[in-house]
Structures are given as C-alpha cells and as structure tokens.
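Positions 1 to 251 (UniProt numbering) are the ones given, in order, by the sequence shown.
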Amino acid sequence: MAAFQVIPRIGLSLSQDHFKLLIMPHFEDTTSLKGLSKFDDLVTALKDALGSSGLTCDDIDLDFLMDLMKTYTSNEKEWNAFALANPSMAYTRNLVDEGNGKSNLLVLVWTPGKGSPIHSHSNAHCLMKILKGSLTETRYDFPQESNRENISIPLGDRNASMDVALESVYTENDVAYMSDDQGVHKMWNNSDEFAVSLHLYTPPNIVRNGCYVFDADTGKGTLVKNCEYYSVRGHRLDGLVRETEVVLSLL
C-alpha cells in the first residue's frame, strides 16, 4: 500500500494534478501518518488544496475538493471531539480549522426535529458532507429584490411567498455543494437523533459579515450578523453569549 507523503504548503507553483498525485493515494490506504486520523488528514488536505488563495482562485478545482470529501469515510471516533451539541439550540457551529485565512471548516451538530432558517451564503462557496445521520435540504430561488451581487442592500418589505425549487435528503457520507448562485436554502434534521455534518466555507464571509435569513411566507430578508462559533477546535467558548446562535435557534 502506498505510504502517505507529507504535503508541502502549496502555492500557485504546484499544479492541481501534482497535488492529486500526492494526496489521493493516502485515502486508499488503511494507515495514517504519525498517528493522525484520516479526518485530520482530510482537514490538512482541504487546507493545502486551497493554498493561500481560497476557492475563488482559478487554479482551485472545486470537483477535486468535493472528491476529497467523498473519499473520506466518516468515522465518529475521528471527529467526535469537535462535535459539541446543545439540545436547547437548533444546531451548533463548531470550528475545526480556519484554513489559511481564506476558509473555515466547521462541524455542525443538528438537534433532532430542528434546523436552520432559510439563509444565504454571503457570496461564499459551501461544501457539506454528512458525518452522521441525515439532513433534508430545501432550496429556494433568491427573492427578486435581492441577488448575490447586491446582497448587502436591505431587502425591505415583501409579500410574496417563496416557492420550493428543490428538496433533497442527504445521508451519511453524502457530499453536496451550495452557493448564492444556486439560490438560498434551509437544512433540517427530521430524525429523532442528532445529525452531524462537515462544512467548508470559502471565503469565510458568513462569520465575517453575517448572512441573510428569509421568511418563507413573505420572502423578506433580515441580515443576521456575528455568526460566531459554539466551540473552537473542540473547546467550548464558555461564558460568551452567542447572539446569532440564539437568533437562529429561535427561527
């Protein structure tokens, strides 16, 4: 079996094809380097694939990033330390890694029977992998008064319900992609058990600028700022009031 190779911190000089040759064989191996779990290796691989430029760089292959997520087989022992739950909230946002300052990688833990409001992604790309359980995604077209280029403009009052464009159910190890180009969506845990998902956001606009949440009956959007974290690298942020998480859990 092929041994895992230490991946140099890449810039634009290392081609995507070369990077694939370095990283992909490891995920077909049953061993790991220096005791690292394959989840840790996935975190490193995503970080290195993005380099210093983030997903907007022409040299970054979105399909390759999705392949990395698909190739990893979820193992709860490997990521459980990041999966902090809070049954009083709809879900928790747990930071795993901030990449090279151009992304953030989160583990979200979804309370049974709860989910997110309809929301935008602040002109960021979002890749999601289900680590445990299942989630239902409901997608909608952007309300006419908003678009991804002018998402910072207040949307004002509306009185037009939002039509469902697509509904999908994702189960363990499924991978999906979402961006403002594809509309807005909500995620929901319809089961009676906690669900866990891994999310890569690049650039990390949501935590910097917030995002819009939408009323399905009227289409009205409200900017929710300060989308911060419930935990950072497995450590609970004790004593801090996370206003955004409280707002989202009540919507």
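Beta carbons are placed, not taken as given, at the ideal position from N, Cα and C, and that holds for glycine. A quick note: this is a predicted structure, and the numbers were derived from the prediction, not measured.
Quick check: the Cα distance between E172 and V107, rounded to an integer number of angstroms? 14 Å
Alpha-carbon spacing of G234 relative to E76, whole angstroms: 14 Å
What is the DSSP secondary structure of D215, reduced to helix, strand or coil? Correct three-state label for D215: coil.
I'd like the list of long-range same chain contacts for P112, defined as Cβ closer than 7 Å, with 5 residues on each side in sequence excluded. N189, S191, D192, E193 and F194
According to the neighbour-count rule (16 or more other Cβ atoms, all chains shown, within 10 Å of its Cβ), is S88 buried or exposed? exposed
Looking only at its own chain, which residues have a Cβ that is under 6 Å from the Cβ of residue 254, when we skip the five neighbours before and after it? Summary: the structure shown does not reach residue 254, with the chain confined to residues 1 through 251, and so no result is reported for it.
To the nearest angstrom, report how far apart F39 and N86 are at their CA atoms. 23 Å
Given a cut-off of 7 Å on the beta-carbon distance, is the pair L135 and Y177 in contact? Annotated as distal: L135 and Y177, with beta-carbon spacing of 7 Å or more.
List the whole-angstrom C-beta distance separating H185 from Y140, where the pair is believed to meet the contact cut-off of C-beta under 8 Å. About 7 Å separates the CB atoms of H185 and Y140; that is less than 8 Å, so the two are in contact.
If S231 and L46 are in contact, beta carbons under 8 Å, what's the gap, nearest whole angstrom? That pair is no contact at about 19 Å.
What is the rounded straight-line gap between the Cα of I153 and the Cα of M69? Caution applies to I153, whose pLDDT of 42 falls short of 50 and renders its modelled position unreliable; the value that the coordinates give is listed next. Going from the Cα of I153 to the Cα of M69 covers about 34 Å.
Which whole runs of the alpha helix (DSSP H) in the stretch 71 to 115 are 4 residues long or more, in chain order? 76 to 79
Note down the Cα distance separating D48 from H125, rounded to an integer number of angstroms. The alpha-carbon of D48 is positioned some 17 Å away from that of H125.
Identify the continuous beta strand (DSSP E) that holds L237 and give its terminal residues. Following the DSSP letters along the chain, one finds L237 in no beta strand (DSSP E), marked with neither H nor E.
Looking at H121 and V213, is the spacing between their C-beta atoms short of 7 Å? no
I need the straight-line Cα distance from T44 to S74, nearest angstrom please. Going by the C-alpha atoms only, they are around 16 Å apart.
Tell me whether G51 is buried or exposed, calling it buried when 16 or more other Cβ atoms sit within 10 Å of its Cβ. buried
Exposed or buried, which one is E78 when buried takes at least 16 other CB atoms within 10 Å? buried
Buried versus exposed call for K225 [16 or more other C-beta atoms within 10 Å across all chains shown]: exposed
Using alpha carbons as the reference points, say which of V175, V164 and D180 lies closest to D217. V164
Thinking C-beta only, is T202 closer than 7 Å to S103? yes
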